[in-house]
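Reading through the structure tokens given below for one structure.
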Amino acid sequence: MAMRCADWWIYVPRVRTGHFGKRSGSESRFFKPRSLEELSTEATISTRRSVAGCGLGKRIGQGAIGFGRRRLMLKRLLHRAVVDMTIEPLDPILIKSGQPTVSGADMTFVTTYRFGKPVPYLPGSSLKGVIRSYGEMICRSLRPHPVPVCLPYLKPGEENNGEAHQASCGLRIEQYLKDKNKDAISSAVAYKLYCPACRTFGAHQFIGRLSTSDANLVETNGSLVFLLEKRDGVAIDRLTGGAASGAKYDLEVLTKGIFETRIEIQNYERWQLGLLGLILRDMEEGLVRIGMGKSRGLGRIGVKLKAFKIISYGHPMNELQGLAARCSEEENTRYGLIAETAPGAPLPEGNREGLRFVHDISETWKTVLEPAVQDLASYIQTVPWPTQIDRFTEERTG
1 MAMRCADWWI YVPRVRTGHF GKRSGSESRF FKPRSLEELS TEATISTRRS
51 VAGCGLGKRI GQGAIGFGRR RLMLKRLLHR AVVDMTIEPL DPILIKSGQP
101 TVSGADMTFV TTYRFGKPVP YLPGSSLKGV IRSYGEMICR SLRPHPVPVC
151 LPYLKPGEEN NGEAHQASCG LRIEQYLKDK NKDAISSAVA YKLYCPACRT
201 FGAHQFIGRL STSDANLVET NGSLVFLLEK RDGVAIDRLT GGAASGAKYD
251 LEVLTKGIFE TRIEIQNYER WQLGLLGLIL RDMEEGLVRI GMGKSRGLGR
301 IGVKLKAFKI ISYGHPMNEL QGLAARCSEE ENTRYGLIAE TAPGAPLPEG
351 NREGLRFVHD ISETWKTVLE PAVQDLASYI QTVPWPTQID RFTEERTG
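Following UniProt numbering, the numbering of the sequence shown begins with 1 at its first residue and continues without gaps.
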């Protein structure tokens, strides 16, 4: 497909020339080429110039120019899903602060300041990590071999038995860029190559679709109600099976408190909403644990969904759709979007709020997401990962 020059702007920074850093007469400017030849010439001239003024830290001609496209998916809003929920400990919870204390517990619960005093909270990063790892487990259950998702902590070349081809997508591309002396690949190429988990939760080269906020305590009658308890622990001697000498410790656990948080997934593909739906079902049933000590009776939580809304921008949705149904054929091909397997479930009439149409599915979300779950199952069975990223990195480094 022919590329239109109108889709591009090039930032040309001011250049230092001559001795002692004297400046030439040229000034920083944005340049709009009139032809593909002019675009190519200007990009070549600018290859070694810093583009710090763009805030990209990349060199034109090595990936940064791709970010000037007007039609990047995350540069415009098509739709998003918003889930508001509360979290309550069913078993004691411990999310360590990492800060040592002189006279307190050896392992203290993480706190933040609200209303002028330190109170416990559940970090959004911890919640997202749990959601991602549980989502990866679902994907592996749908297709045991070849494994359809990467191990985000595993560096390429360090795979052990049973971990072949499972190195982190982001670290593999990072290694490829280092070997080829490049700064970046386009977000479209990265999205097309990455595994389902990295597509949803993010990796190197691009931000994830799903975000979580910190879970803060809910006010009850004007006050924040919670309970932290101190519990003893002791290390076990693996030879005798008894307590190890001098290895006693104590930990601070949360046993009471109601927390509220929000999950958002922006410009989702429909299968991604299906994955989120399966995770939320299991969280409601108390099957998901957070924090440390999960194998020792800690971390089980109760989750209640307060609201589940589908938000469409520009015009309402009549049925549940994802990117594949709402983007052009060219964008579907460029990003490798996954076709939807069946018509979406009907959505309730949207409530207009400015440019947004808000469809409330709080009471029917499990039914509405059924086609999205079918999309997920179909996609995981056919996803060309890791074959696609293997071929990309091997062909270019060989």
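A virtual CB, placed ideally from N, CA and C, is assigned to each residue, including glycine. These figures come from a predicted structure and were not determined experimentally.
Could you tell me the boundaries of the alpha helix (DSSP H) in which residue i lies?
i: residue 402; result: Because the chain spans 1 through 398 in this model, residue 402 falls outside it and cannot be assessed.
i: Phe201; result: Pro196 to Phe201
i: Pro371; result: Glu370 to Thr382
i: Tyr191; result: Ser187 to Leu193
i: Ala324; result: Leu323 to Arg326
Starting from residue i, trace the beta strand (DSSP E) in both directions and tell me its first and last residue.
i: Val130; result: No beta strand (DSSP E) holds Val130; the alpha helix (DSSP H) holding it covers Gly124 to Leu142.
i: Phe308; result: Ile301 to Tyr313
i: Phe357; result: Arg356 to Asp360
i: Val83; result: His79 to Pro89
i: Ser211; result: Leu210 to Thr212
i: Ile263; result: Phe259 to Gln266
i: Arg114; result: Thr111 to Arg114
i: Arg172; result: Element bounds for Arg172: not the beta strand (DSSP E) but the alpha helix (DSSP H), Cys169 to Asp179.
i: Lys117; result: Lys117 to Pro120
i: Glu284; result: No beta strand (DSSP E) holds Glu284; the alpha helix (DSSP H) holding it covers Arg270 to Glu284.
i: Arg352; result: Asn351 to Glu353
Taking the alpha-carbon positions, what's the residue i to residue j distance?
i: Trp385; j: Tyr194; result: 8 Å
i: residue 439; j: Thr200; result: The chain is shown from 1 up to 398; residue 439 falls before or after that span and cannot be answered.
i: Leu379; j: Ile258; result: A quick correction: the sequence has Tyr, not Leu, at residue 379. Whole-angstrom Cα-Cα distance: 36 Å.
i: Lys366; j: Pro348; result: 14 Å
i: Gly21; j: Asn181; result: Legend: pLDDT at Gly21 = 37, less than 50; position of this residue unreliable, value from coordinates given subsequently. Between Gly21 and Asn181, the C-alpha separation is close to 27 Å.
i: Asn351; j: Leu278; result: 26 Å
i: Ser362; j: Val368; result: 10 Å
i: Asn332; j: Ala167; result: 26 Å
i: Phe109; j: Thr382; result: 43 Å
i: Asn267; j: Ser187; result: 14 Å
i: Glu163; j: Gly202; result: 21 Å
i: Glu260; j: Glu395; result: 48 Å
i: Ala190; j: Thr364; result: 34 Å
i: Asp250; j: Lys96; result: 12 Å
i: Gln388; j: Glu269; result: 19 Å
i: Gly66; j: Arg334; result: Because the pLDDT of Gly66 is 32, which lies under 50, any placement of that residue in the model is unreliable, and the number read from its coordinates should be weighed accordingly. Roughly 13 Å between the two C-alpha positions.
i: Ser328; j: Ile207; result: 22 Å
i: Leu228; j: Leu94; result: 10 Å
i: Glu179; j: Asn160; result: The sequence as given places Asp at residue 179; Glu does not occur at that position. In a straight line, the C-alpha of Asp179 is about 23 Å away from that of Asn160.
i: Arg143; j: Pro343; result: 24 Å
i: Gln272; j: Ala197; result: 9 Å
i: Gly314; j: Lys75; result: 15 Å
i: Met156; j: Ile236; result: It is Pro, not Met, that sits at residue 156 in the sequence shown. Looking at the two C-alpha atoms, the distance is approximately 35 Å.
i: Gln253; j: Thr220; result: Sequence inspection shows Val at residue 253; the Gln mentioned does not correspond to that position. C-alpha separation (whole angstroms): 21 Å.
i: Tyr121; j: Ala105; result: 17 Å
i: Ile173; j: Thr341; result: 30 Å
i: Met107; j: Gly98; result: 7 Å
i: Gly222; j: Ser133; result: 36 Å
i: residue 400; j: Met317; result: Look at the range of the chain in this structure, 1 to 398, and you will see that residue 400 is not part of it.
i: Arg391; j: Pro92; result: 46 Å
i: Cys169; j: Glu284; result: 31 Å
i: Pro346; j: Ala339; result: 18 Å
i: Ala377; j: Val130; result: 21 Å
i: Gln205; j: Arg296; result: 37 Å
i: Ile185; j: Ser141; result: 31 Å
i: Arg48; j: Glu330; result: Reliability fails at Arg48, whose pLDDT of 34 lies under 50, so the model's placement of it is uncertain and no value is given.
For my contact list, residue i and residue j are in at a C-beta cut-off of 8 Å; report their separation, rounded to the angstrom.
i: Gly322; j: Lys192; result: So it is not a contact: roughly 16 Å between Cβ atoms.
i: Gly286; j: Leu151; result: At roughly 27 Å, the Cβ-Cβ gap does not stay under 8 Å, so Gly286 and Leu151 are not in contact.
i: Val119; j: Leu217; result: 6 Å
i: Arg326; j: His79; result: 7 Å
i: Tyr176; j: Thr393; result: 5 Å
i: Leu224; j: Ile265; result: About 29 Å; that fails the 8 Å criterion.
i: Leu305; j: Gly135; result: About 17 Å separates the two Cβ atoms, so there is no contact after all.
i: Lys248; j: Asp232; result: 7 Å
i: Thr212; j: Ile138; result: So it is not a contact: roughly 17 Å between Cβ atoms.
Quick check: is any heavy atom of the ligand FMN less than 6 Å from the C-beta of residue i?
i: Glu136; result: The ligand FMN is not part of the structure shown, which contains no ligands of any sort.
I'd like to know if residue i contacts chain C, where contact means its C-beta is closer than 7 Å to some C-beta of that chain.
i: His204; result: Of the protein chains in this structure there is only one, and it is not chain C.
Stretch-stretch touch, CB-based, cutoff 8 Å, three pairs: the segment 308-315 with the segment 345-361: The segment 308-315 is in contact with the segment 345-361.
When you compare the segment 317-332 with the segment 368-375, are there three or more beta-carbon pairs, one atom per stretch, that lie closer than 8 Å? These segments touch.
Take every Cβ of the segment 146-165, pair it with every Cβ of the segment 290-305, and state whether three or more of those distances are shorter than 8 Å. Verdict: no, contact absent.
Pairs of beta-carbons, one from the segment 202-220 and one from the segment 107-127, closer than 8 Å: are there three or more? Output reads yes: the segment 107-127 touches the segment 202-220.
Are the segment 286-295 and the segment 124-135 touching by the rule of at least three beta carbon pairs closer than 8 Å? Contact between the segment 286-295 and the segment 124-135 is present, because at least three Cβ pairs lie under 8 Å.
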